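Offset between the sequence shown (1-based) and my numbering: plus 316.
Note that beta-carbon positions come from the ideal geometry of N, C-alpha and C, so glycine has one too.
Just so it is clear, the structure is predicted and the values come from calculations on it, not from any experiment.
Notes for the one structure printed next.
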Amino acid sequence: MHNILKRSFAHVSPSLLKKPLNDPYPIAAWRSHPANMAKGVKFDHDNAFVRFCRYYLWHYGWSGRQYGLQFYDQAFEPHPLVQEALRRLRLKDPYQYDLRLQRILLASQLGSKNERLPKNMWTKWDDETFYLNPYFNEIEEEKLEREASTGMKPGYQLKEQI
């Protein structure tokens, strides 16, 4: 059984397999994002090497841009943090939420036909907006404020401890 699991996950990085399921950062195995050219986005680690790595990964390590997707279009939606960010996006900016759904539907159609967009329609480096970043930051601040004032954790973290 162990060899079957090893073979079926051979293409997955070992660091991703060790990642806990209750990780508060569901987007990637690392805490940084793959691009840094979006205006107004602040990252935890920001130096020339990290910016180069984000640029390289965004251009060569992620195929979502070939389908017209933006980075947060591929976020893991069942995660409570992403669900809350999407709920707030839908309430505060329904137009951006609809654009997200259109991009995902287009990518699904193209993927089912085993096609890609023409190269001039791919998502460009400068078009990336990281539209969920403000909502993630807002949720994180509220969570820290709630823990500091009441000592209580959000409900989804309490479920994981049981």
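Counted within 10 angstroms of its Cβ, other Cβ atoms place Gln412 as buried (16 or more) or exposed: The residue is exposed, with fewer than 16 neighbouring Cβ atoms inside 10 Å.
Neighbour-count burial assignment, Glu431, 16 or more Cβ in a 10 Å radius: Exposed is the label assigned to Glu431, since fewer than 16 other Cβ atoms lie within 10 Å of its Cβ.
Proximity to Arg419 [Cα-Cα], best of Gly384, Ala464, Asp409: Relative to Arg419, the option among Gly384, Ala464, Asp409 whose CA is nearest is Gly384.
Residue closest to Glu376, alpha-carbon to alpha-carbon, out of Met468, Asn453, Leu448, Thr439: It is worth fixing the name first, because residue 376 is Tyr in this sequence and not Glu. Nearest C-alpha to Tyr376: Thr439.
Complete runs of the alpha helix (DSSP H) confined to the segment 363–415 [at least 4 residues]: Counting whole runs of 4 or more residues, the segment 363–415 contains the alpha helix (DSSP H) stretches 364–372, 396–408.
Limits of the alpha helix (DSSP H) - the one that Lys459 falls within: Residue range 449–466 is occupied by the alpha helix (DSSP H) that includes Lys459.
Alpha-carbon to alpha-carbon, Ser424 and Leu405: Answer to the nearest angstrom: the Cα atoms are 21 angstroms apart.
Per-residue DSSP class, three states only, for Lys511: No statement about residue 511 is possible, as the shown extent of the chain runs from 317 to 478 and does not include it.
From Leu397, Cys369, Arg367, residue whose alpha carbon lies closest to that of Asn449: Taking each of Leu397, Cys369, Arg367 in turn and checking the Cα distance to Asn449, the smallest one comes out for Leu397.
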